[in-house]
Amino acid sequence: MAWHTTWNDPPQRKRGWLVDRGGLFPPGVKIVLLVTIGVYVVDVLTRGRLSQIGALSVRSLLALQVWRLFTYMFLHSLGSIAHIGWNMFIFAMLGHTLERQLGSRQFLWLYFLSGILGGLFEVAFNVIMHLQHGPITDEYGRLIMTPDGPLTFLVIPAVGASAGVMGVLVAFACRNPRAVFLLFFLLPIQARWLALIYFLAETRHIFTALRYGWPDGVAHAAHFGGMVLGFVWMKWGTRIAARIPRGTGQPAGSPFERSREREQAELDRVLKKVHEQGVDSLTLREKMFLQDVGNKYRD
Numbered sequence: 004m005a006w007h008t009t010w011n012d013p014p015q016r017k018r019g020w021l022v023d024r025g026g027l028f029p030p031g032v033k034i035v036l037l038v039t040i041g042v043y044v045v046d047v048l049t050r051g052r053l054s055q056i057g058a059l060s061v062r063s064l065l066a067l068q069v070w071r072l073f074t075y076m077f078l079h080s081l082g083s084i085a086h087i088g089w090n091m092f093i094f095a096m097l098g099h100t101l102e103r104q105l106g107s108r109q110f111l112w113l114y115f116l117s118g119i120l121g122g123l124f125e126v127a128f129n130v131i132m133h134l135q136h137g138p139i140t141d142e143y144g145r146l147i148m149t150p151d152g153p154l155t156f157l158v159i160p161a162v163g164a165s166a167g168v169m170g171v172l173v174a175f176a177c178r179n180p181r182a183v184f185l186l187f188f189l190l191p192i193q194a195r196w197l198a199l200i201y202f203l204a205e206t207r208h209i210f211t212a213l214r215y216g217w218p219d220g221v222a223h224a225a226h227f228g229g230m231v232l233g234f235v236w237m238k239w240g241t242r243i244a245a246r247i248p249r250g251t252g253q254p255a256g257s258p259f260e261r262s263r264e265r266e267q268a269e270l271d272r273v274l275k276k277v278h279e280q281g282v283d284s285l286t287l288r289e290k291m292f293l294q295d296v297g298n299k300y301r302d
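The sequence shown: position 252 = 255 (this note's numbering), numbered continuously.
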């Protein structure tokens, strides 16, 4: 899947460690890519040791190992490099634009909360599957045995960034509904329709599994949960996150924040005046204001 669009929103400048210094990817995307790929390499070298302590399952949450709701997002199947490759490709492709539209802080909130909610959905789904169908059987109805006994839905591990990626996909589609993707690098499709297709497909997989009791090895409930969070975030979450302190030492609603809001409002007014009346219409004070803002962004 590739994509092409005809618009380009200006990057949002940040202070602190999430500073967009230009380059191919914004800082949040870089961090997730580097950490996820690094974790995968270490997991391969240690023959799955990280997966043993970080993968998510019903049993792990019953043991109060709640950190796995976060760590499972950085782990991927060691049997297929396509798992991590595809997830990180789509994440980077969408995050390249979406992070610069939302800002790094909100983008990372979106990604990680999508993964966490997706993990909770997957755990709940496996509990329902266990209660409804009992131990897992093969296509001939025979129990699948493990060294600890019959395989059950309570111990199936979930790994992967897919829930977070699905949240990013839906958020991208909400923000840029008419952005065009090239499905299979060939078929053009708008982001809103691609997200809808994924949503319907995941819903179908979930109900099929609930009916027949046979998992296909894909965490469809996690994908579904991530997509739900992506939609909810774009509907309400961005306004909530905007009131969370930004790591500057200044709480939301403080004089510092109000000063920034006044500055932004004045900048919008001056730029609108330039657009409607031209640069020559600006007063000396307005020209000096623009110069000060420009110097601040260059610092």
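The C-beta atom is built at its ideal place from N, Cα and C for all residues, glycine as well.
query: Under 7 angstroms between the Cβ atoms of G216 and H136?; result: yes
query: What's the C-alpha gap between L232 and S117?; result: 5 angstroms
query: Among the residues of its own chain, which have a CB less than 6 angstroms from the CB of L120, if the five just before and after it don't count?; result: G228 and L232
query: Would you call S257 buried or exposed, if buried means 16 or more other Cβ atoms sit within 10 Å of its Cβ?; result: Unreliable positioning characterises S257 in this predicted model, as indicated by a pLDDT of 46, which lies under 50. The coordinate reading is nonetheless provided below. Exposed, since its Cβ has fewer than 16 Cβ neighbours within 10 Å.
query: May I ask you to list the residues that DSSP assigns as paired with L190?; result: L186
query: Are F175 and L97 touching if we call contact CB-CB under 7 angstroms?; result: yes
query: Ignore the nearest five residues each way along the sequence and tell me which others in E269's own chain have a CB closer than 7 angstroms to its CB.; result: F292
query: Would the segment 157-171 count as touching the segment 98-116 if we require 3 or more Cβ pairs under 8 angstroms?; result: yes
query: Please state whether DSSP places G152 in a helix, a strand or coil.; result: strand
query: Is A95 helix, strand or coil by DSSP?; result: helix
query: Please classify W70: is it buried, with 16 or more other beta-carbons within 10 angstroms of its beta-carbon, or exposed?; result: exposed
query: Determine the burial state of P180: buried for a count of at least 16 other Cβ atoms within 10 Å of its Cβ, exposed for fewer.; result: exposed
query: Would you grab the beta carbon distance between F77 and V42 for me? Rounded to a whole angstrom, and I think it's under 8 angstroms.; result: 4 angstroms
query: With hydrogens ignored, establish whether the beta-carbon of I87 is closer than 6 angstroms to any heavy atom of the ligand MN.; result: The model depicted lacks the ligand MN and carries no ligand whatsoever.
query: Terminal residues of the continuous alpha helix (DSSP H) containing N129?; result: S107 to H136
query: With which residues is T140 paired in a DSSP beta bridge?; result: L146
query: On the three-state DSSP scale, how would you describe A58?; result: coil
query: Would you identify the three-state DSSP class for A5, choosing helix, strand or coil?; result: Because A5 carries a pLDDT of 45, less than 50, the predicted location of this residue cannot be relied on, and the following value inherits that uncertainty. It is a strand residue.
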